[in-house]
Amino acid sequence: LCQKYEGDVYLTARDESRGMTAVEELKKEGLSPKFHQLDIDDQNSINKLRDFVKDNYGGLDVLVNNAGIAYKQASTAPFPEQAEVTCKTNFFSTLNVCNALFPLLRSHARVVNVSSMMSQVGLGRCNDDMKKRVLSAKTIADVEAFMTDFVEAAKAGTHKDKGWPDTAYGMSKVGVTAMTLIQHKDIEADKSREDIVINACCPGYVSTDMTSHKGHKTIDQGADTPLYLALLPPNVDSPRGCFVSERKIGKWE
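All residue numbers for the sequence shown refer to my numbering, where the first residue is 1195 and numbers rise by one.
What follows is the structure, given as C-alpha cells:
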C-alpha cells in the first residue's frame, strides 16, 4: 500500500514501541508509513484515531481492518473464554472501528475487512437453522444478535446443541463476512457519498506470528488480495460487497 497508494498510509498497533519498530523496518525497505496508536478493544483509542484523521485530513479514502486474534490450537483456555475474547476483538471491536470511521469515508473510498476462509468453514458447520439465520441477516443489528447468541451459548456450554459450530475463530469471522455484505448495501443507500466499496477477504494461510509461521504464503503474497481491494478503481463494477479470495469472489451461501 505504501508503494502504490498516492497519499499518507498509517500503520497502527496496540503497543506504540512495537508499532514504531515496524515502521522503522518498513523504512529500511524504502517505504514511508506513518504511525498512530490503535487498540481496537479500547473505544477511547478508536475515538482518538477518528479525531486525529478528522482534524488532520478531514476524511478517509482507504480503510483496511486487519486487526484480529486467534487462540493457538494447543491453547488450554476453555472454549467459553475463547469464544468471548475472540468474537469481542475480531467482530465487535472491528464493528466499533467501522462505526467510528465510516462517517469519515469520502466518495470513492475503499474498505477492506480482512476475514478468513474460516468464515466459510464456520458457516458450513452451522446446522440448517443457524445457517439460515446467518444468511438471512438484513441489518447489522441482526448480525450483532446472532453473534451475541453464539457467545452466550458458548459460555453456557450449549452452542453445539443449538447448532453453532465448535470454532470460536470461525464464528468471529462469520460475523465479519456477514457484517461486510450488509455494510456495503447500507452505504450504497447513502446518496450523500458515491462509489464507496466495502469488501471482505481471505488473505490466505500466511506465515505470520498469528499462524505460528506455519502458513505457506509470504506476507507479501498474503497482502495481494487486500491490496487489490484497497485500490479498486473508481466506479468498478465488481467486486462490491463481496467475500473475495485470491482476487476472486468466493461463495457465501
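The C-beta atom is built at its ideal place from N, Cα and C for all residues, glycine as well. Since the structure is predicted, the reported quantities are computational estimates derived from the model, not experimental observations.
- Nearest to F1273 by C-alpha distance, out of G1351, M1373, N1250, is G1351.
- The distance from the Cβ of T1405 to that of I1376 is about 28 Å, inconsistent with a contact at the 8 Å cut-off.
- Across the set M1365, G1252, Q1231, the C-alpha of M1365 shows the shortest separation from the C-alpha of A1264.
- DSSP places T1206 in the uninterrupted beta strand (DSSP E) bounded by 1204-1207.
- Our two residues, S1313 and V1368, have alpha carbons roughly 4 Å apart in a direct line.
- Note that the C-beta distance between T1419 and R1387 is not below 8 Å.
- Out of C1196, E1210, Q1231, the CA that lies nearest to the CA of L1220 is found in C1196.
- C1395 has V1308, V1438 as its beta-bridge partners, per DSSP.
- The distance from the Cβ of T1283 to that of G1316 is about 16 Å, inconsistent with a contact at the 8 Å cut-off.
- Non-local C-beta neighbours of A1277 in its own chain, meaning closer than 6 Å and more than five positions away in sequence, comprise V1345, A1348, A1362, ordered along the chain.
- Annotated as proximal: S1309 and C1395, with beta-carbon spacing under 8 Å.
- Between the segment 1289-1303 and the segment 1242-1262 there are three or more inter-stretch CB-CB distances shorter than 8 Å, so the stretches are counted as touching.
- Distance from the CA atom of V1258 to the CA atom of R1208, rounded to whole angstroms, is 16 Å.
- Burial check for I1240: the Cβ neighbour count within 10 Å reaches 16 or more, so the residue is buried.
- In the structure shown, the three-state DSSP call for V1430 is coil.
- Partner residues in a beta bridge of Q1314, as assigned by DSSP, do not exist.
- With a threshold of 16 other beta carbon atoms within 10 Å, R1212 falls short and is exposed.
- Each residue's CA atom was taken as its position, placing Q1415 and A1339 some 35 Å apart.
- The C-beta of H1378 has 16 or more other C-beta atoms within 10 Å across all chains shown, which makes the residue buried.
- With contacts defined by Cβ atoms closer than 8 Å, V1370 and N1307 form a contacting pair.
- Taken through DSSP and simplified to helix, strand or coil, H1353 comes out as helix.
- Annotation: the segment 1232-1300 contains the following complete segments of the beta strand (DSSP E) (minimum length 3 residues), in chain order: 1254-1259.
- Within the model, the alpha-carbon separation for K1356 versus R1434 is close to 33 Å.
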